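Residue numbers (the numbering used here): 1 to 159.
For each residue, glycine too, the CB sits at the ideal point set by N, CA and C.
Predicted, not measured: the structure shown is a model, and the values here were computed from it.
Here you go:
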């Protein structure tokens, strides 16, 4: 590993859209470490892990809570991120916390983003196309207007 190269990647998005599951799929590690998080199945505090990319860059990952009650923890986690993965569940689309997280990213000047359309295994191709069109419309005029959309299923490993 080239220890001089590193990047900080963070998550953002609505509760239960699969941020922690995505990180587990990418790294093999669960970032929900508190007993209460595991019991309730939600992220409460910031979670941290890492992986080494093919070019030797070490990617540190910050998993932020999606629940509105823990928005302060989300804000603390976003500061200093090089890239944010905005996770949106394909079966639900953009929800209130998605929008709130997007507003926070804009306020903090985060400019490098990728929209991860997760849970693609739960819907068909027509739904995915409709969802992508809806998301593009809702992101128009925001920092994520031109962000790439990546289709995945963190649960199955697809994408």
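Between residue 131 and residue 93 the beta-carbon gap is near 6 Å, inside 8 Å, which marks them as a contact.
A check of alpha carbon separations from residue 150 across 124, 113, 137 identifies 113 as the nearest. DSSP places residue 14 outside both helix and strand once states are collapsed to three, so it counts as coil.
Residue 137 and residue 128 have their alpha carbons spaced roughly 14 Å apart.
Taking a C-beta distance under 7 Å as the contact criterion, residue 57 and residue 5 qualify as a contact pair. Within the model, the alpha-carbon separation for residue 30 versus residue 86 is close to 18 Å.
By the Cβ neighbour-count rule, residue 89 is buried, with 16 or more other Cβ atoms within 10 Å of its own. Its chain contains 88, 93, 94, 115, 117, 149 as the residues whose beta carbon lies nearer than 8 Å to that of residue 135, once the 5 sequence neighbours on both sides are disregarded; these appear in chain order.
When DSSP reads this structure, residue 60 sits in a beta bridge with 8, 50.
Residue nearest to residue 54 within the set 123, 122, 26 is 26 (criterion: CA-CA distance). When C-alpha distances from residue 59 are compared across 10, 20, 152, the shortest belongs to 10.
With a threshold of 16 other beta carbon atoms within 10 Å, residue 111 falls short and is exposed. Beta-bridge partners assigned by DSSP to residue 153: 158.
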